[in-house]
Amino acid sequence: MVLEGDRLTIRWPGVGEQAAIVRSNALAEAAAEAIGGTYVRNPAWSTVIGRDLITVHPLGGCPMGDDAGGGVVDARGRVFAGTEGTTVHEGLYVSDGSIIPAALGVNPLLTISALAERNVELLAADRGWTIDYAPDSSPIGVGEPTRPGIRFTEAMGGFLSPSVSADLAELASARSDDLGALIDEVERTGEPFSFVLTIASDDVETMLADPAHRARAMGTVRAQGIHPEPLAVSDGTFELFSPHPEVGDARRMVYRLHLTSEDGDEYDFEGLKIVGDDVGLDVWSDTTTLFVTVRRATGGDIVGRGVLRIAVTDFVSQLRTMEVTGASGVVERLRWLARFGRLFAGAVFETYGPVASKPNPFDPDAPPRKRRAIRTAPPEPHPITTGDGTGLMLTRYRGGDRGPILLVHGLGVSSRMFTLDTIETNLTEALWSAGFDVWLLDWRASIELPISRQRWNLDAAVADMPFAVDHVLSVTAADGIDAFVHCVGSISFFLALLRGMKGIRSVISSQVALDTVTATLG
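At position 253 of the sequence shown (counting the first as 1) the number is 246 in the working numbering, and the numbers step up by one without a gap.
Following this line, the structure appears as C-alpha cells:
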C-alpha cells in the first residue's frame, strides 16, 4: 500500500491466483452444473487483466484481532487502547463491516448484521440492560394468491375533425354507404390525432368470463386541434368484443377515456371498433380502425369526430407486446397469453403471435410454447380478394434486391409451413437472408382461411394464383417474380400458367407439377 497524491493505492500482485479464489470458482461451477445451469465466470477474473478481483468491502479498516498487535477491535467490537495488549477504550465500539478480518464473498450483509447484533447483545448484558426482542408489530398475514393478469400496448393515429357532425360509429354499425365519404372528409379537414395506451387487467380469467371483457386503459392522447400538449388519460376503460346492442352479427371494442389537459380542461373520449362475427379476413380492417367522438366533460358539447387507424404491420407488432403478469410459471403464463390472444385477434394471433398454442388433436393436453423469433424483417400482411369474392392472404417479408419470390403451400397446411420455428432455419429465413423479397400465399386450400372448410375445386383455385401474382407485381413494381410451389399448390400454379398467367420469371416445383403419376395403392 502506498500513498500517491494523498490517495491510497493498493497493489496485490497475484491475488486472483490464490488457491481460495480458484477453489471458489470451481465450487460455483460444480453447483451450477448440479442444477442444470450454465456457469459464467466473472469477466474481471481473466488472464487479460491479470486475474484482478473486485470487492465492495476493501480489506483493512478496523479488523478484529486477539490483541492490539493483531487488530483494531476485539471480538465484541471494543477498540483496543494502545499498540499492544488487550486493554480497550471504555465505551468505544465499532460494529460495521470494517471489523470483518477477511473477505466474505458476495452479499456479506447477514454476517455483518449478525456480528453487530451480537456486540449489542453482549454490551447490554455487561450493563444490565434488558432488550425486548418482540417484534414491534404482528406479522403481515398471508394475502390471497396473485392471479394472472394481462397487459399490452396499443398505438393508433389519424385525424379529428370539428366539422363532421355525423356519428361515424353509428354509420359503421349500420354499414352505411356514406361512411367512406365522411372518413375522407375527416382526413381532409381534421387535425392530427393519436394515442398510446396500455390496456391492463389484474385478473385475466375474470376479464375473459365477463361478457364485456373489461380492462383498464392508461396513457396519453395527442390532439393538436384541442391542445398542443398531450392529454393525460384517467378513469379509462376498454371493452374487448362486447356484444353490439344494435347489430346482431357484430361485436364491439369500446374505448372510454377521461382526458385532462395541462390547463385543467377535461374531455371525454369514446371510441368504437365494430368487428363482424364472420371469420374472414375483414378482421384486419375491423380491428385496425377506430371511430372516435370527443366531448367536453362539462356540458357534453362535441369537440370533434375522428378516425384512428393502426397499420397491419404495427398490429402484428402489438400482438407481441402482450404480457401475462402474476402467473405461477412459464406454462401458465403462455396458456393465458394464448387464450387472450385468440380472443383478441383469432387466427391473426395464431399466425403472428408470440405463442404456438393451436389445439392439437394428437395431444390435446400439450402446453403452449413460446415461439422463437423469425430472423427476417417483420411480417407485412396483405389481404386480397379474388374475382369470386374469396379472401386470401399474402404475407411479405421485405427483403433485399434480388426481387420478389412467391411461396405457395400445399393441401391440408398453410403458409406457416414456410416459417416453422421448430427447425434451425426455415425456407423463409433462408431466402430472406439470401436477399430475396419473400411473399407467402395462403390460397383457398390454406387451413388458416374459412374458404378451406367449404367445397371448392382446382378449377376455382386456379383463379387464386393470378390475383396473388398481380398484387405482388403491383406492390413491388417488379417486372416478374420467382415462385416456389408445393404439392396441390404446385398443380394449381401450373394450371394458371397454362391459362396464360404472366409475370413469372422462374418456378421451382416441389413434389408434383402438372403431369402427375399416382401410385396404384396409397
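Glycine included, each C-beta is placed from N, C-alpha and C at the ideal position.
Just so you know, these numbers come straight off a predicted model, no measurement behind them.
- DSSP places Pro56 in the coil class of the three-state scheme, outside both helix and strand.
- Per the Cβ contact rule, the stretch 179 to 196 is not in contact with the stretch 321 to 329 (fewer than 3 Cβ pairs under 8 Å).
- Taking every protein chain shown into account, the CB of Asp381 has fewer than 16 other CB atoms within 10 angstroms, so this residue is exposed.
- The beta carbon of Arg69 lies closer than 6 Å to those of Asn112, Leu115 in the same chain, with the five residues before and after it left out.
- For Trp329, same chain residues with a beta-carbon under 8 Å away, outside a window of 5 residues either side, are Pro141, Ile143, Val197, Glu198, Val317, Ala320 in chain order.
- Going by C-alpha positions, Pro371 is about 53 Å away from Ser106.
- Within 10 angstroms of the beta-carbon of Asn419 lie 16 or more other beta-carbons, which makes it buried.
- Annotated as proximal: Gly396 and Ile474, with beta-carbon spacing under 8 Å.
- Under DSSP, the beta-bridge partners assigned to Arg289 are Tyr260.
- In this structure, Leu265 and Phe234 do not form a Cβ contact; the two beta carbons are roughly 12 Å apart against a cut-off of 8 Å.
- Annotation: Val214 is outside any alpha helix (DSSP H); the continuous beta strand (DSSP E) that includes it extends over 207 to 216.
- For the pair Asp261 and Ala290, the CB atoms are nearer than the 8 Å cut-off.
- Rounded to whole angstroms, the separation of the alpha carbons of Glu263 and Ser154 is 15 Å.
- In the DSSP assignment, Phe429 forms no beta bridge with any residue.
- With fewer than 16 other beta carbons inside 10 angstroms of its own, Glu(-3) counts as exposed.
- Judged by DSSP secondary structure, His220 falls outside any alpha helix (DSSP H); it is assigned neither H nor E.
- Leaving aside the five residues that flank Ile192 on each side, the residues in its chain whose CB is nearer than 6 Å to its CB run, in chain order, Phe145, Ala208, Ala210, Phe231.
- The beta-carbon separation of Ile398 and Trp432, rounded to 7 Å, stays under the 8 Å limit for a contact.
- DSSP, reduced to helix, strand and coil, places His402 outside both helices and strands of the structure shown, so it counts as coil.
- Asp45 and Leu108 have their alpha carbons spaced roughly 29 Å apart.
- In the three-state DSSP reduction, Pro443 falls in the helix class (H, G or I).
- Note: Ala148 is bridge-paired with Val189 in the DSSP secondary-structure output.
- Under the DSSP assignment, Arg498 falls in the beta strand (DSSP E) whose first and last residues are 497 to 503.
- Within the same chain, no residue comes within 6 Å of Pro204 by CB-CB distance, once the 5 residues on both sides are set aside.
- Shown here, Met458 sits in a helix according to DSSP, grouped into three states.
- For Met494, DSSP assigns no beta-bridge partner whatsoever.
- With respect to Thr469, Asp435 sits apart: the two C-beta atoms are not nearer than 8 Å.
- It is roughly 16 Å from the alpha-carbon of Ala127 to the alpha-carbon of Ala117.
- The residue from Gly493, Ser499, Arg288, Ser426 with its alpha-carbon nearest to that of Pro459 is Gly493.
- In this structure, the alpha-carbon of Arg409 lies about 14 Å from that of Arg365.
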